[in-house]
Amino acid sequence: MKRDRTRCGLAWAVVCLAALAFLGGCGQRTKAANKKNIFPPPKNTVLDNLRSHAKDIKHEGVVNKQLVRFLIGQRMYVLALHHIENLPKKEREKPEALFLKGFALRELGQYDEAVEALKAASNSQRDYAQAWNALGMTYDLMRSSEEAEQAYMEALRINPSSPKYLNNLGFSHFSRGNYSPAVELYQKALASDPHNVRIHNNLGFAYGMLGRYPEAIAEFKQAGREEVVYNNLGFLYYMLGLNDEAKVMYAKALEINPQFGKARKNLRMIEGDGAMSGYIPEPALKGRIKP
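Here the sequence shown is numbered in our numbering, starting from -2 and rising by one per residue.
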């Protein structure tokens, strides 16, 4: 009898371990899909189970907000907004729901509505740094630089060493041509996150616009492979109005990696390819860091 109970216990342990392995695998696949934003979510994921059983769960609003975050991760902003509007009123007016609503509206280009939602989120929870950062990014897109800086400063008041918020305030200064303050902010951001390639790239462009080219190249090298460095130098020359030098840099990037699509598009635009009308050259990686 004791041996039978032992066998049953072992069998039950095996079943539990198999179930945990299955759920863990689903979670990993879902996380990978969210990160890439290019693959549809696999069937039978934990999130699917949450969605299908939402009506049976007491705290339905919490589950729906998880679903909204997932939809935003998949860039399904209209559907995310639909689910937010279907939340119970009490849940819909909470800071997190307002933040998610503002984020989705901003990504859809509805900036005024996004500002309204993000201001409501940050004002109802003054220490909601994510909401302040998102508000700053929205104001930046609206070219409202003073309001953007105020919002970023609120985010940094809550989390003074955040590399994300320091970077975004730095990029706001960079976008307005304030390159020296941008350098200082990028340097502070890298002190907290020394291996962040986006911030290294941003710092490289700020150095470049100040004419500090050796330092710019050193930052680009921190941020990517050799072809990426040449592509970024091409973009820097383009920003400085030196199109001939930009062509040389893009061509070198393609010599190293003929499959580097961004450099090829940049070169075609600089060379006056009519098919690239309206295209603006791009760096390998530059800009704000989203919440």
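Note that the Cβ used here is the ideal one computed from N, Cα and C, for glycine as well.
Out of the options, point me to the one whose CA is closest to residue i's CA.
i: F202; options: G231, Y162, P191 and A188; result: G231
i: K262; options: N228, I253 and L237; result: N228
i: G208; options: P92, Y234 and L105; result: Y234
i: N305; options: S172, G221, L153 and Q147; result: Past the edges of the chain, shown from -2 to 288, lies residue 305, and the structure says nothing about it.
i: D124; options: R154, H170, L132 and A260; result: R154
i: V346; options: L237, G238 and M246; result: Residue 346 is absent from the model: the chain starts at -2 and stops at 288.
i: Y176; options: R195, L200 and K98; result: L200
i: M73; options: F96, E104 and Y210; result: E104
i: P191; options: A94, K259 and N164; result: N164
i: L239; options: N120, G205 and S121; result: G205
i: E242; options: H170, R89, G106 and I267; result: I267
i: Y210; options: I196, F67 and L237; result: L237
i: K87; options: K244, Y162, K62 and H197; result: K62
i: Q184; options: Y162, G174, R173 and S172; result: Y162
i: E303; options: G106, G269, G174 and F257; result: For residue 303 there is no data in the structure shown, the boundaries of the chain being -2 and 288.
i: W129; options: A148, T135, E144 and E143; result: A148
Report, in whole angstroms, the separation of the C-beta atoms of residue i and residue j, which I expect to be a contact under 8 Å.
i: P160; j: A179; result: With 8 Å as the limit, P160 and A179 do not qualify as a contact, their Cβ atoms being about 14 Å apart.
i: P92; j: A118; result: 5 Å
i: F100; j: I81; result: Their Cβ separation, rounded to whole angstroms, is 10 Å, which puts F100 and I81 out of contact at 8 Å.
i: L102; j: A94; result: Not quite, the Cβ-Cβ distance comes to about 12 Å (not below 8 Å), so this is no contact.
i: A152; j: G133; result: 7 Å
i: Q71; j: F96; result: Going by Cβ atoms, the distance from Q71 to F96 rounds to 18 Å, so no, they are not a contact pair.
i: S121; j: S158; result: At roughly 25 Å, the Cβ-Cβ gap does not stay under 8 Å, so S121 and S158 are not in contact.
i: H170; j: L182; result: 7 Å
List in chain order: all unbroken alpha helix (DSSP H) runs of 4+ residues lying wholly within the stretch 206 to 238.
Correct list: 210 to 220 and 223 to 236.
Entirely within the stretch 122 to 198 and at least 4 residues each: give me those alpha helix (DSSP H) ranges in chain order.
126 to 138, 142 to 155, 160 to 172 and 176 to 189
Could you tell me whether the stretch 209 to 220 touches the stretch 237 to 254, where touching means 3 or more Cβ pairs closer than 8 Å?
no
Any chance the stretch 103 to 113 sits against the stretch 136 to 152, with 3 or more Cβ pairs inside 8 Å?
yes
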